[in-house]
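Enquirer:
2 protein chains.
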Amino acid sequence: MGSLGLVTPQSMHFSEPLPLRSGARLADYQLTYETYGALNAERSNAVLVCHALNASHHVAGIDVAGRQGWWDNLVGPGKPLDTDRFFVIGVNNPGSCFGSTGPMHPNPATGRPYGADFPVITVEDWVDAQSRLVERLGIAQLAAVIGGSLGGMQALAWTLRYPDRVRHCIGVATAPNLSAENIAFNEIARRAIITDPDFHGGHFYAHGVLPRRGLTIARMIGHVTYLSDDVMGTKFGRRLRSGALSFGYDVDFEIESYLRHQGDKFSDYFDANTYLLITRALDYFDPAAEHGGDLARTFAAVKARYLLVSFTTDWRFSPARSRELVKALVTNRHHVSYAEIDAPHGHDAFLLDDARYHGVLRTCFDRIASAFASP
Amino acid sequence: MGSLGLVTPQSMHFSEPLPLRSGARLADYQLTYETYGALNAERSNAVLVCHALNASHHVAGIDVAGRQGWWDNLVGPGKPLDTDRFFVIGVNNPGSCFGSTGPMHPNPATGRPYGADFPVITVEDWVDAQSRLVERLGIAQLAAVIGGSLGGMQALAWTLRYPDRVRHCIGVATAPNLSAENIAFNEIARRAIITDPDFHGGHFYAHGVLPRRGLTIARMIGHVTYLSDDVMGTKFGRRLRSGALSFGYDVDFEIESYLRHQGDKFSDYFDANTYLLITRALDYFDPAAEHGGDLARTFAAVKARYLLVSFTTDWRFSPARSRELVKALVTNRHHVSYAEIDAPHGHDAFLLDDARYHGVLRTCFDRIASAFASP
Chain A
1 MGSLGLVTPQ SMHFSEPLPL RSGARLADYQ LTYETYGALN AERSNAVLVC
51 HALNASHHVA GIDVAGRQGW WDNLVGPGKP LDTDRFFVIG VNNPGSCFGS
101 TGPMHPNPAT GRPYGADFPV ITVEDWVDAQ SRLVERLGIA QLAAVIGGSL
151 GGMQALAWTL RYPDRVRHCI GVATAPNLSA ENIAFNEIAR RAIITDPDFH
201 GGHFYAHGVL PRRGLTIARM IGHVTYLSDD VMGTKFGRRL RSGALSFGYD
251 VDFEIESYLR HQGDKFSDYF DANTYLLITR ALDYFDPAAE HGGDLARTFA
301 AVKARYLLVS FTTDWRFSPA RSRELVKALV TNRHHVSYAE IDAPHGHDAF
351 LLDDARYHGV LRTCFDRIAS AFASP
Chain B
1 MGSLGLVTPQ SMHFSEPLPL RSGARLADYQ LTYETYGALN AERSNAVLVC
51 HALNASHHVA GIDVAGRQGW WDNLVGPGKP LDTDRFFVIG VNNPGSCFGS
101 TGPMHPNPAT GRPYGADFPV ITVEDWVDAQ SRLVERLGIA QLAAVIGGSL
151 GGMQALAWTL RYPDRVRHCI GVATAPNLSA ENIAFNEIAR RAIITDPDFH
201 GGHFYAHGVL PRRGLTIARM IGHVTYLSDD VMGTKFGRRL RSGALSFGYD
251 VDFEIESYLR HQGDKFSDYF DANTYLLITR ALDYFDPAAE HGGDLARTFA
301 AVKARYLLVS FTTDWRFSPA RSRELVKALV TNRHHVSYAE IDAPHGHDAF
351 LLDDARYHGV LRTCFDRIAS AFASP
């Protein structure tokens, strides 16, 4: 299996406003994206990869700053999502902070950064933005949409919103909506950011400061919930950093040191308004809401074939949530495969290179590829 | 079953310094406590109730402000811990903020509030302070020590530290130490408090402010971890407060409203330095550490009879942690009973009136009472 080597992001501008679920419109925007592999003559081998909270268009390969793509273990020549056979698209969602139009960019209405005035955007809005990009790339129908966590929600939304434009949906460690507990963790993270005095109601750019305290707390909460109790026990346990208790409130345990480091690092590069916006998109995703909460009715008219994958120790997007989706699809006699992977890594498992997990994805993509000639 | 009616706290002063595990000493201190029922002639019917993070000496009855004790459903005339038969003692631990000497009290060395200079105190230190109080009350041996969560850790520590002075140990929803995940949540709560600009390094009293933002975040995190995903789903689910999404970051979901309310309420009355101190006592409790982590060796020489109770949906102090204790006691052929209660309420279950749970405690206290005459 090889690496894609150096990859270069591209940018596409959209002057037609994007109508949003909130009723607002995104006036004028651009999307940053990367593609890997070649589109075949039939334009039938395109796979869209949707990102979750803390990721971007940079899915695979090495960017100009030397950073490896976030799903590089999955996507590349000879890898489960094989770029020798597929044309893979990674796109940064609007509202994010990695290139596409977001809160730190100028609001055309005022000329100043959007900040807190950037409209609240939803999973469905992202899918609409992605569909315009896919269309402009000349792709009438995607071979597959794949995503993990929030990315999986986008993959599900594609099949509901554009049933004729996607043949396969691969949702990893995802859910039909967030539970109260998940919303609670998001809310705590948002409160930590919003109540940070350096947040300035979301207009901190103008004050030359960053709400680092709040972002750090938000990231620490996120980290704990992405891991399992088991893996934290194995990785850190009760190990002390210096071998003895300090009888104070600085770092005693290695887990404290790890979390502080993760929080600090994150607060250097992640945008606070983007954090609010993306957690809200997670909270709001609930396609069954307009069907009286009936998931089977929600998925009645879809046309894609589904693969759902969950991980036994994932308590944020538990296997039970994937099984709800499987049940809704089976009720409708749709095509669905489901793999529940016994992995210790909690929600983070969807980003890791587990042999059984990647084996399932490889088999799935092999089957998808068998339907078309190599490019 | 009756109520104890109005109860009045008492106070006891200790001029002999309390040596602490850290090497520091608590110079001169007082303990606030309440007692219910009457000590029998043999002084053999005393039960000590140890409190957890957010509680106090006010275990049962109604105080002068009209507040019900935190374990009033368990303690009172005719209740499972029957004050017609037992002499029950509730004591506020030093370092807490409900009457006993704590960070908001004057440091005799400076005349100003201790604030951040209040020494870090441990479960073992609390037990030493409690044992002095019990001694002064003329009780050579307790019939039982009972506590839930952090209170259960104190009950365990009593049997290790004063094996001849306690006949029964009842530990509910407790653990032999905290897991890395638990320490992580405590650390996030502490960072939220310490990085609040109004914390002023723990000396906020002198600035006339309270670190409300940090305390609010800390309490919100606590609340989510005390409940189970199930009970949050049942109690709140995805219900909206106003029936429609706001497409903003104010309260949309009922769970958000609940958490904000709990956080705000808590930040009005709870001391920030106490929060740091009590979460650190939780982190530091690990009696097996000085026995190479061997829990069986740790509990080799104890003399008490044990009852341990856990709750199936408690993910903060899970049944598996209680079973570790049971195994260590059984290995040593000590007396131990264990009840795993199938309850949906998570860690909070230890404070609730569940028929099976209270039935187990009633049976246990009936057996204990059968050994002595009523007072």
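For the record, the sequence lines run as chains A and B.
When the letters of the first sequence are read in order and numbered with the working numbering, they come out as residues 1 to 375.
When the letters of the second sequence are read in order and numbered with the working numbering, they come out as residues 1 to 375.
Each residue gets a CB set at the ideal place from its N, CA and C atoms; glycine is no exception.
Flag B/Met-220 as yes if its beta-carbon sits less than 8 Å from any beta-carbon of chain A, otherwise no.
Expert: yes
Enquirer: Would you please verify whether the beta carbon of A/Asp-63 is less than 8 Å from any beta carbon of chain E?
Expert: This model lacks chain E altogether; the protein chains it does include are A and B.
Enquirer: Is the Cβ of B/Asp-125 closer than 8 Å to any Cβ of chain A?
Expert: no
Enquirer: Answer yes or no: do B/Gly-90 and B/Tyr-162 have a C-beta to C-beta separation smaller than 8 Å?
Expert: No, they are not a contact pair.
Enquirer: Measure the Cβ-Cβ separation of B/Asp-125 and B/Leu-18 and say whether it is below 8 Å.
Expert: yes
Enquirer: Is the separation between the beta-carbon of A/Ala-349 and that of A/Phe-317 shorter than 8 Å?
Expert: One thing to note: A/Ala-349 has its Cβ no nearer than 8 Å to the Cβ of A/Phe-317.
Enquirer: Leaving out five residues before and five after A/Asp-286 in sequence, what residues of the same chain have Cβ atoms less than 6 Å from its Cβ?
Expert: Excluding positions up to five away in sequence, the list reads Asn-177.
Enquirer: Give the single residue among A/Gly-5, A/Arg-367 and A/Arg-239 whose Cα lies nearest to the Cα of B/Ile-183.
Expert: A/Arg-239
Enquirer: Since A/Asn-177 meets chain B, which of its residues come closer than 7 Å, beta carbon to beta carbon?
Expert: Arg-238, listed in chain order.
Enquirer: Mapping the DSSP letters down to three states, classify B/Ile-183 as helix, strand or coil.
Expert: It is helical.
Enquirer: Closer than 8 Å, Cβ to Cβ, to anything on chain A: give me those residues from the region 244–268 of chain B, in chain order.
Expert: Leu-245, Phe-247, Gly-248, Tyr-249, Asp-252, Phe-253, Ile-255, Glu-256, Leu-259, Arg-260 and Gly-263
Enquirer: Who are the Cβ neighbours of A/Val-302 in its own chain at under 7 Å, not counting the five residues just before and after it?
Expert: Thr-159, Leu-160, Pro-163 and His-334
Enquirer: Name, going along the chain, the residues of the region 101–132 of chain B whose beta-carbon falls closer than 7 Å to a beta-carbon of chain A.
Expert: Val-120
Enquirer: Output yes if chain B places a C-beta closer than 8 Å to the C-beta of A/Arg-213; else output no.
Expert: yes
Enquirer: Anyone know if the C-beta pair for B/Ile-188 and A/Ile-221 falls short of 8 Å?
Expert: yes
Enquirer: Report all residues from its chain with a CB closer than 7 Å to the CB of B/Tyr-205; omit the five preceding and five following residues, and keep chain order.
Expert: Met-104, Pro-113 and Gly-115
Enquirer: Considering only residues of the same chain and omitting the five flanking positions on each side of A/Arg-321, which have a CB-CB separation below 6 Å?
Expert: Ala-175
Enquirer: Assuming contact is defined by CB atoms lying nearer than 8 Å, are A/Thr-101 and A/Tyr-29 in contact in what I supplied?
Expert: A/Tyr-29 is positioned such that its CB atom lies closer than 8 Å to that of A/Thr-101.
Enquirer: Using a Cβ cut-off of 7 Å, pull out every chain B residue sitting near A/Glu-181, in sequence order please.
Expert: Val-224, Asp-229 and Met-232
Enquirer: What does the Cβ neighbour count give for B/Arg-13, buried or exposed, with the cut at 16 atoms within 10 Å?
Expert: Checking the displayed sequence, the identity of residue 13 of chain B turns out to be His instead of Arg. Exposed, by the Cβ-count rule.
Enquirer: Looking at chain B, is there any beta carbon in it that lies within less than 8 Å of the beta carbon of A/Tyr-284?
Expert: yes
Enquirer: Kindly examine the ligand SAH and report whether one of its heavy atoms sits closer than 7 Å to the Cβ of A/His-358.
Expert: Judged by which ligands are present, the structure shown has none, so any question about the ligand SAH falls away.
Enquirer: B/Arg-367 lies in the alpha helix (DSSP H); which residues open and close that run?
Expert: 355–369
Enquirer: Start and end of the beta strand (DSSP E) containing A/Thr-174?
Expert: Looking at the DSSP string, A/Thr-174 is not in any beta strand (DSSP E), and its letter there is neither H nor E.
Enquirer: With DSSP collapsed to three states, give me the class of A/Arg-316.
Expert: coil
Enquirer: Anyone know if the C-beta pair for B/Ala-304 and B/Thr-331 falls short of 8 Å?
Expert: no
Enquirer: Grab the span of the beta strand (DSSP E) containing A/Gln-30 for me, first residue to last.
Expert: Membership of A/Gln-30 in the beta strand (DSSP E) is indicated by the continuous run 29–36.
Enquirer: B/Pro-94: which of B/Gly-66, B/Arg-21, B/Ser-3 and B/Leu-26 sits nearest, CA to CA?
Expert: B/Leu-26
Enquirer: So what does DSSP say about B/Phe-118, is it helix, strand or coil?
Expert: coil
Enquirer: Please classify A/Gln-10 as buried or exposed, where buried requires at least 16 neighbouring CB atoms within 10 angstroms.
Expert: exposed
Enquirer: Using a Cβ-Cβ cutoff of 9 Å, what residues of the region 10–41 of chain A are near chain B? List them in chain order.
Expert: Leu-20, Arg-21, Ser-22, Gly-23 and Ala-24
Enquirer: Looking at the C-beta of A/Ala-46, does it have a partner C-beta in chain B at a distance below 8 Å?
Expert: no
Enquirer: Using a beta-carbon distance cut-off of less than 7 Å, what residues from the region 179–205 of chain B approach chain A?
Expert: Ser-179, Ala-180, Glu-181, Ile-183, Ala-184, Phe-185, Glu-187, Ile-188, Arg-190, Arg-191, Ala-192, Ile-194, Thr-195 and Pro-197
Enquirer: Alpha carbons only, please: which of A/Glu-324, A/Leu-210 and A/Asp-230 is nearest the one belonging to A/Asn-273?
Expert: Of A/Glu-324, A/Leu-210 and A/Asp-230, the smallest CA-CA separation from A/Asn-273 is found for A/Leu-210.
Enquirer: For my contact list, B/Asp-354 and B/Ala-343 are in at a C-beta cut-off of 8 Å; report their separation, rounded to the angstrom.
Expert: 5 Å
Enquirer: Between which residues of its own chain and A/Gln-141 is the CB-CB distance below 6 Å, once the five residues before and five after are set aside?
Expert: Arg-165
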